[in-house]
Amino acid sequence: MTETGPLDNMLAQMEQAREYVDIDDGIFERLKYPERTLSVSLPVEMDDGSVEVFEAYRCQFDGARGPFKGGIRYHPNVSEEEVSALAGWMTWKTALVDLPFGGAKGGIICNPKELSQSEIEQLTRRYTEGIRRIIGPDTDIPAPDVNTNPRTMAWIMDTYSVYQGYAVPEVVTGKPPEVGGTAGRVEATGRGVTIVTEETFEYLGTDIADADIAIQGFGNVGSVTAQLLAERDANVVAVSDVTGAIYDPDGLDVEAVGAHVANDGRLEDYDAHEHISNDDLLTMNVDALIPAAIEDVITVDVAERLQADVVVEAANGPTTFDAANVLKERDVPVVPDILANAGGVIVSYLEWVQNSQQYSWELEEVNRDLEARLTTAFDEMLAAYEQKDIPDLRTAAYTLALERTADAHEYRGLFP
Numbered sequence: 013m014t015e016t017g018p019l020d021n022m023l024a025q026m027e028q029a030r031e032y033v034d035i036d037d038g039i040f041e042r043l044k045y046p047e048r049t050l051s052v053s054l055p056v057e058m059d060d061g062s063v064e065v066f067e068a069y070r071c072q073f074d075g076a077r078g079p080f081k082g083g084i085r086y087h088p089n090v091s092e093e094e095v096s097a098l099a100g101w102m103t104w105k106t107a108l109v110d111l112p113f114g115g116a117k118g119g120i121i122c123n124p125k126e127l128s129q130s131e132i133e134q135l136t137r138r139y140t141e142g143i144r145r146i147i148g149p150d151t152d153i154p155a156p157d158v159n160t161n162p163r164t165m166a167w168i169m170d171t172y173s174v175y176q177g178y179a180v181p182e183v184v185t186g187k188p189p190e191v192g193g194t195a196g197r198v199e200a201t202g203r204g205v206t207i208v209t210e211e212t213f214e215y216l217g218t219d220i221a222d223a224d225i226a227i228q229g230f231g232n233v234g235s236v237t238a239q240l241l242a243e244r245d246a247n248v249v250a251v252s253d254v255t256g257a258i259y260d261p262d263g264l265d266v267e268a269v270g271a272h273v274a275n276d277g278r279l280e281d282y283d284a285h286e287h288i289s290n291d292d293l294l295t296m297n298v299d300a301l302i303p304a305a306i307e308d309v310i311t312v313d314v315a316e317r318l319q320a321d322v323v324v325e326a327a328n329g330p331t332t333f334d335a336a337n338v339l340k341e342r343d344v345p346v347v348p349d350i351l352a353n354a355g356g357v358i359v360s361y362l363e364w365v366q367n368s369q370q371y372s373w374e375l376e377e378v379n380r381d382l383e384a385r386l387t388t389a390f391d392e393m394l395a396a397y398e399q400k401d402i403p404d405l406r407t408a409a410y411t412l413a414l415e416r417t418a419d420a421h422e423y424r425g426l427f428p
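See the structure below:
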């Protein structure tokens, strides 16, 4: 089998769901292409006085259901193809959890670990200036993603607001609470993964307490997921970062690992029961594997050796299309990314609504709304899976997302 890139994977996922949903051929053809992608070059004066030019993108995939919504990532592997795929996945994600948004994604080709805080700020503000003509609280609302955070969003908000002449907190989500962010947003994606994992275990008739769970990736999403699962008495037996993985069959001390990483520590330096490779983590015998890093980590080779009872996709596109088919043939359930990691965009929506109303909600209300929306979407996915005799959960989720997006296009029509 020949592995393909993320955009080809997404298009293949769409095609696989096509036969289970009644969509006009012309509308389905429209759904394959992003509405627009902006490419910008960003000259930045570095700390040493030199000027470096960075490449960056913002892709707006489909806005039939509402304003575009999607994160911004800073990573060396950012490409036009990647942001197009991620924007597409965001389109299906917002439709699946029934938010009034379309899908977008942005990214800058850079390695933030090689940049100072000042250089990252200058890069962020230059990027905001480059894309400000296509973003806005009623058009496209960015959020954090890989290697970006609430501080990054505050810089974007400030830069956009300077051009507008007044504060516009609703132009981004995932901001610090001091400038309009909402309680619970930082933990939202990890909390959502935890909720979906609990729902999955209940559906499969197993108990999350004492379940062995491996988490690939220990950034914001992976670390929050690990902490919340540990609080539910699950055994998080392995986690990883770019330097490697650590393993303890009795369950890691997630709080201690988190403190080590928060202190700029790397997992290769952690005093663990055992250090293992990332491949070992992906293929170990556990009750659940949660890939929570980047796309395309579960390849055909990994899928053929994977021993987890279920995969819950906390990252965007972690499983290649061919690998997903291998897991389907092996009867390994995969809870798709467009549901499992939708907690972030759900709470981003709640933040956007609060900013628009100039009224904030308590953490408990935000978390209740998050859980209600995710469990509803989970139940709707299962209903489609069972009633339409669909072969896997991902395809079931896509049928709902495609149908809702196609219906919006049908009602809106084609202009001119």
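Everything in the sequence shown is counted per this note's numbering, starting at 13 for the first residue and increasing by one. Using N, Cα and C, we set each Cβ at its ideal position, and we do this for glycine too. This structure is a prediction, so every number in the text was calculated from the model and none was measured.
On the three-state DSSP scale, how would you describe residue i?
| i | result |
| --- | --- |
| N297 | coil |
| S62 | coil |
| H87 | strand |
| F73 | strand |
| A166 | helix |
| E93 | helix |
| E182 | helix |
| A396 | helix |
| G82 | strand |
| K117 | strand |
| A107 | helix |
| G277 | coil |
| G148 | strand |
| A384 | helix |
| A305 | coil |
| M13 | Residue placement at M13 cannot be trusted, given a pLDDT of 48 that sits under 50; what the coordinates show is reported in the next sentence. In this structure, M13 counts as coil in the three-state DSSP scheme. |
| A327 | coil |
Got a sec, what are the start and stop residues for the alpha helix (DSSP H) residue i sits in?
| i | result |
| --- | --- |
| G355 | 355 to 369 |
| V273 | 266 to 274 |
| R138 | 129 to 143 |
| R48 | Segment 48 to 57 is the beta strand (DSSP E) holding R48; no alpha helix (DSSP H) there. |
| I350 | 349 to 352 |
| P18 | 18 to 30 |
| G38 | 37 to 42 |
| K340 | 333 to 341 |
| A420 | 405 to 424 |
| G177 | It is not in any alpha helix (DSSP H) - G177 carries neither H nor E in the DSSP assignment. |
Tell me which residue opens and which closes the beta strand (DSSP E) that residue i is part of.
| i | result |
| --- | --- |
| V312 | No beta strand (DSSP E) holds V312; the alpha helix (DSSP H) holding it covers 312 to 317. |
| H287 | 286 to 288 |
| V324 | 322 to 324 |
| A155 | 152 to 156 |
Exposed or buried, which one is residue i when buried takes at least 16 other CB atoms within 10 Å?
| i | result |
| --- | --- |
| F113 | buried |
| V65 | exposed |
| R317 | exposed |
| Q129 | exposed |
| R203 | buried |
| N353 | buried |
| R145 | exposed |
| N232 | buried |
| P428 | exposed |
| P330 | buried |
| N275 | exposed |
| L375 | exposed |
| A107 | buried |
| Y45 | exposed |
| R85 | buried |
| E398 | exposed |
| R342 | exposed |
Under 7 angstroms from any heavy atom of the ligand FAD, does the C-beta of residue i make it?
| i | result |
| --- | --- |
| P345 | Absence of the ligand FAD is noted for the structure shown, with no ligands found whatsoever. |
Suppose the cutoff is 6 angstroms on Cβ atoms and the five residues either side in sequence are ignored; what does the same chain contact list for residue i look like?
| i | result |
| --- | --- |
| V52 | A68, G142 |
| D245 | A221 |
| H285 | D260 |
| M296 | A226 |
| P55 | V63, V65 |
| M13 | Residue placement at M13 is poorly supported in this model, since its pLDDT is 48, which falls under 50; the coordinates are not used for a value here. |
| R30 | none |
| F80 | Q72, G114, A116, D152 |
| K400 | Y32 |
| E462 | Because the chain spans 13 through 428 in this model, residue 462 falls outside it and cannot be assessed. |
Tell me which residues share the same chain as residue i and place their Cβ nearer than 7 angstroms to its Cβ, disregarding the 5 neighbours each side in the sequence.
| i | result |
| --- | --- |
| L240 | G202, R203, T206 |
| N367 | P181, E182, G192 |
| R137 | W167, T171 |
| E47 | Q72, F73, D74, G75 |
| E199 | V236 |
| Q25 | F333, R406, Y410 |
| T164 | T136, P156 |
| A396 | I402, A408, T411, L412 |
| W364 | I153, E182, T185 |
Indicate whether at least one CB of chain B lies closer than 8 angstroms to the CB of residue i.
| i | result |
| --- | --- |
| D60 | Among the chains in the structure shown there is no chain B, since it carries only a single protein chain. |
Once you ignore the five residues that flank residue i on each side, which residues in its own chain have a CB closer than 8 angstroms to its CB?
| i | result |
| --- | --- |
| V314 | D291, L294, T295, A335 |
task = Can you check the segment 193 to 263 for any alpha helix (DSSP H) of at least 4 residues that lies completely inside it and give the ranges in chain order?
result = 197 to 215, 232 to 243
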